[in-house]
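Going by this note's numbering, the sequence shown opens with residue -19, and the numbers climb by one from there.
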Amino acid sequence: GFGRQKGQTEIYRGAEYTTNMLPKVKLEIATTDDMTSKVIETIQQTASTEAIGDGKIFVIDLASATRIRTGESGDMAL
């Protein structure tokens, strides 16, 4: 997506181009309940530029997790 920034204008080989898609990063982090607040705080402190487009953090319950190699599940798989 491009959020509210609506792209940018760049010059490539003397020609001006307007792009309406900006590069984005998506993080997906699975953590234990007791670490959720610390993870959110860390992301906010390191990712914030205080400009439009810094992003959002969504917290979603994870029904289960299983480590394929060992078969561990739950918090042990994280």
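Virtual Cβ for every residue (Gly too), placed ideally from N, Cα, C. For clarity, every value in this text was computed on a predicted model and none was experimentally measured.
The residue from A43, L42, A57 with its alpha-carbon nearest to that of R49 is A57. Under the three-state reduction of DSSP output, E(-10) falls in the strand class.
The alpha-carbon of A(-5) is positioned some 44 Å away from that of I40. Bounds of any beta strand (DSSP E) do not take in A27; it lies within the alpha helix (DSSP H) bounded by 16 to 27.
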